[in-house]
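Each remark here refers to the structure printed beneath this line.
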Amino acid sequence: DWDLGFNKMSDGEQQEDELLALASIYDERIFNQSSEEKGGQFNVFLELPKPFKLKIQSRSLPKHSTRKEIEASKNTADAAQNTRNYEILEAEYLPPIVLNFRFPENYPSSSPPLFTLSCKWLTVFQLSKLCKCLDDIWAEDDGGEVILFRWTQFLLDETLATLNVGSPFPLQYKRAHAQSNKKRRGDPRAFQDVASHNKLVGAILEYNQQEKERVFCSSYFTCNVCFSEKPGSLCMEFHDCGHVYCVDCLAGYFKVQIEDGAVKALNCPSEKCESQALPSQVKQLVSPELFAKYDRFLLQYSLDGMADIVYCPRPSCQTAVMLESESSMGVCPLCSLAFCAFCKHTYHGVSPCEIKGSDARKLTEEYSAASREDKQLLERRYGKRKLQRLLDEVVSEEWLDANAKQCPCCKASIQKIDGCNKMTCLKCRTYFCWLCMANLPRSNPYQHFNSPGSGCFNRLFEGVDVDEDEDDDDWWF
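Given below as structure tokens:
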């Protein structure tokens, strides 16, 4: 017994050593150890070939909020290849493959780690193939040795070749079981972590943009004004031309131009470059007082010098909008917001511009309880459509109050817009079940929905709308 204990570590000791080694090799973006049990999560970020293109069904392209990203990622050289049913888009980054794992007591002497694989852009059947590959790697050595590093290296280095992922890559979505009473197809450890094909495309484009911004912030650039090398987090890029400057130089440049009233001259400082700074970029670099001055000048020039051009009032949008002749209504082509060109509030027709205060709810209550004659008086005063819109807004607010839930960990209010019933709190990153509000372990959050003894068994996608034209047997690759 002494010799065995001296010459060979126990399973528990090997597990501890493996977790410690993995934590020293990978940063927290890639590896997170579970605080609840011996397990954790790997995020496998694949290095895509460049250029990497996606083949997307046209009916699945997201509307409004992601149209800008779609246009930006289109490759004009592929325009002739696009058909009526498909679009070809470019993506530099795709969401990671997520490996959740937990060590059984007899690992690594007898049993492999318990695990699940999830990904947004790989189907259940593609993930099932990867699950089998991980099983085969364990079987090659007949067990007895720690295996997680080999698994993660395989996923990182061999996934693209194993699944024959090439460019253009067809984005696919197919639920493992469309209804809870149907037998699940594919490996039960594989999950395509997205609710529908429409949501898949939006998630891909959003992640690609976020990752590009993260890479920009972590990279270093030489400012073309002061010629100092600075990290991207201290720099700003002009979107049209791609020229990069440090925020200190740009802030001083913007300040001088705005104080001189030359708000239309906030171009890229490079000689003969006509790329203009977005109002949202200017707002990040100057004081609130200076930006207010800039905004007033810009509005004045837009309405006086170019009466048919205004900017979308949403701070996160700021898209240029062309007004129709003799019309004060602008409709943003990016976010579809209809607004008044003068007061920049929601479009109010022929009614004079006004600021809605806290009287809105009181007015809707008065209108709802009014007699027919009193309603007609209110409609003549405020407009029937405006009152109906206020009523709709009140109903929407009541709906939010009734449907929002609190995170079981930090009590932050959360509204589920779409997706499966495995939720993640954006504040504290806790996994929990939307149906029963139970905390889910980070090492295997899907076990809650996969265990026959659970009250939420096979209810991962309960309540999610399924596209009417989706056919369970309509598989394409």
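In terms of the working numbering, the sequence shown opens at residue 1314 and continues consecutively.
Even glycine gets a Cβ: it sits at the ideal position worked out from N, Cα and C.
Nothing here was measured: the structure is a model prediction, and the numbers come from that model.
Keeping to the same chain, check which residues put their C-beta closer than 8 Å to that of residue i; ignore five residues upstream and five downstream.
{"i": "Met1322", "result": "Asp1330"}
{"i": "Ser1541", "result": "Thr1535 and Cys1559"}
{"i": "Tyr1624", "result": "Pro1592, Leu1611, Ser1615, Gln1631, Thr1632, Ala1633 and Val1634"}
{"i": "Ala1404", "result": "Leu1361, Phe1365, Lys1366, Leu1367, Ser1386, Ile1517, Leu1518 and Asn1521"}
{"i": "Ser1764", "result": "Phe1770"}
{"i": "Ser1347", "result": "Gly1353, Gln1354, Arg1415, Pro1754, Arg1755 and Ser1756"}
{"i": "Val1478", "result": "Thr1472"}
{"i": "Ser1532", "result": "Pro1544 and Gly1545"}
{"i": "Ile1450", "result": "Ile1460, Arg1463, Trp1464 and Phe1467"}
{"i": "Gln1689", "result": "none"}
For residue i versus residue j, is the C-beta distance shorter than 7 Å?
{"i": "Glu1524", "j": "Tyr1406", "result": "yes"}
{"i": "Arg1498", "j": "Thr1429", "result": "no"}
{"i": "Phe1774", "j": "Cys1733", "result": "yes"}
{"i": "Ile1401", "j": "Lys1366", "result": "yes"}
{"i": "Phe1655", "j": "Ser1640", "result": "no"}
{"i": "Phe1652", "j": "Gly1662", "result": "no"}
{"i": "Gln1354", "j": "Asn1419", "result": "no"}
{"i": "Cys1554", "j": "Cys1581", "result": "yes"}
{"i": "Phe1567", "j": "Val1538", "result": "no"}
{"i": "Ala1717", "j": "Gln1701", "result": "no"}
{"i": "Gly1325", "j": "Ser1756", "result": "no"}
{"i": "Val1357", "j": "Leu1476", "result": "no"}
{"i": "Val1777", "j": "Ala1474", "result": "no"}
{"i": "Pro1628", "j": "Lys1657", "result": "no"}
{"i": "Leu1636", "j": "Asp1621", "result": "yes"}
Excluding the five sequence neighbours on either side, which residues of its own chain have a C-beta within less than 7 Å of the C-beta of residue i, listed in chain order?
{"i": "Cys1630", "result": "Cys1645, Leu1647 and Cys1648"}
{"i": "Pro1417", "result": "Ser1424 and Leu1427"}
{"i": "Tyr1660", "result": "Met1642, Ala1651, Phe1652 and Cys1653"}
{"i": "Ala1481", "result": "Residue identity differs from the one stated: residue 1481 is Pro in this sequence, not Ala. Closer than 7 Å at Cβ, skipping near neighbours: Lys1366, Leu1367, Lys1368 and Ile1401."}
{"i": "Tyr1399", "result": "Lys1368, Ile1369, Gln1370 and Ser1371"}
{"i": "Lys1577", "result": "Tyr1614"}
{"i": "Ala1564", "result": "Leu1598 and Val1599"}
Across which residues does DSSP place residue i in a beta bridge pair?
{"i": "Val1623", "result": "Val1634"}
{"i": "Phe1652", "result": "Gly1643 and Thr1659"}
{"i": "Glu1542", "result": "Thr1535"}
{"i": "Met1549", "result": "Tyr1558"}
{"i": "Cys1749", "result": "Partner(s): none; Cys1749 has no beta bridge."}
{"i": "Asn1413", "result": "Gln1354 and Thr1429"}
{"i": "Glu1403", "result": "Lys1366"}
{"i": "Met1736", "result": "Phe1745"}
{"i": "Asn1580", "result": "Gln1589"}
{"i": "Asn1345", "result": "Gln1354"}
{"i": "Phe1504", "result": "Ser1431"}
{"i": "Lys1718", "result": "Ile1727"}
{"i": "Pro1483", "result": "Lys1368"}
Cα-Cα, which of the options is closest to residue i?
{"i": "Pro1721", "options": "Asp1705, Arg1698, Leu1332 and Cys1749", "result": "Cys1749"}
{"i": "Ile1460", "options": "Asp1470, Gly1766 and Ser1424", "result": "Ser1424"}
{"i": "Cys1562", "options": "Lys1606, Ala1575 and Leu1579", "result": "Leu1579"}
{"i": "Asp1455", "options": "Phe1462, Ser1422, Leu1469 and Cys1444", "result": "Ser1422"}
{"i": "Pro1483", "options": "Pro1417, Leu1513, Phe1358 and Cys1554", "result": "Leu1513"}
{"i": "His1510", "options": "Phe1762, Gln1370 and Lys1697", "result": "Gln1370"}
{"i": "Lys1442", "options": "Thr1472, Met1635 and Arg1674", "result": "Thr1472"}
{"i": "His1556", "options": "Ala1590, Ala1575 and Arg1527", "result": "Ala1590"}
{"i": "Pro1754", "options": "Glu1349, Gln1328 and Gln1719", "result": "Glu1349"}
{"i": "Asp1500", "options": "Trp1451, Gln1439, Leu1332 and Gln1346", "result": "Gln1439"}
{"i": "Tyr1486", "options": "Ala1452, Lys1368, Ala1751 and Ala1334", "result": "Lys1368"}
{"i": "Pro1409", "options": "Asp1506, Ser1480 and Arg1685", "result": "Asp1506"}
{"i": "Phe1711", "options": "Arg1674, Ile1622, Arg1415 and Arg1685", "result": "According to the sequence shown, residue 1711 is Glu rather than Phe. With distances taken between Cα atoms, Glu1711 lies closest to Arg1674."}
{"i": "Glu1458", "options": "Gln1327, Gly1574, Tyr1399 and Tyr1339", "result": "Gln1327"}
{"i": "Asp1573", "options": "Ala1751, Pro1601 and Tyr1607", "result": "Tyr1607"}
{"i": "Arg1609", "options": "Glu1587, Glu1526 and Ile1571", "result": "Ile1571"}
{"i": "Leu1359", "options": "Ala1336, Val1411, Ser1767 and Arg1527", "result": "Val1411"}
Excluding sequence positions up to five away, which residues of its chain have a Cβ less than 6 Å from the Cβ of residue i?
{"i": "Phe1504", "result": "Ser1431 and Tyr1759"}
{"i": "Thr1379", "result": "Model confidence at Thr1379 stands at a pLDDT of 44, short of 50, so the residue's coordinates are unreliable; what they give is reported in the following sentence. Cβ within range, chain order: Gly1515 and Leu1518."}
{"i": "Thr1677", "result": "Leu1703, Leu1704 and Val1707"}
{"i": "Leu1447", "result": "Trp1464"}
{"i": "Tyr1680", "result": "Leu1691 and Leu1700"}
{"i": "Ser1593", "result": "Gln1631"}
{"i": "Cys1723", "result": "Lys1740 and Cys1741"}
{"i": "Ile1343", "result": "Asn1356"}
{"i": "Leu1332", "result": "Gln1346"}
Looking at chain B, is there any beta carbon in it that lies within less than 7 Å of the beta carbon of residue i?
{"i": "Leu1367", "result": "Absent from the structure: chain B. Only one protein chain is present."}
How about the segment 1435–1442 and the segment 1543–1550: do they share at least three Cβ pairs that are nearer than 8 Å?
-> no
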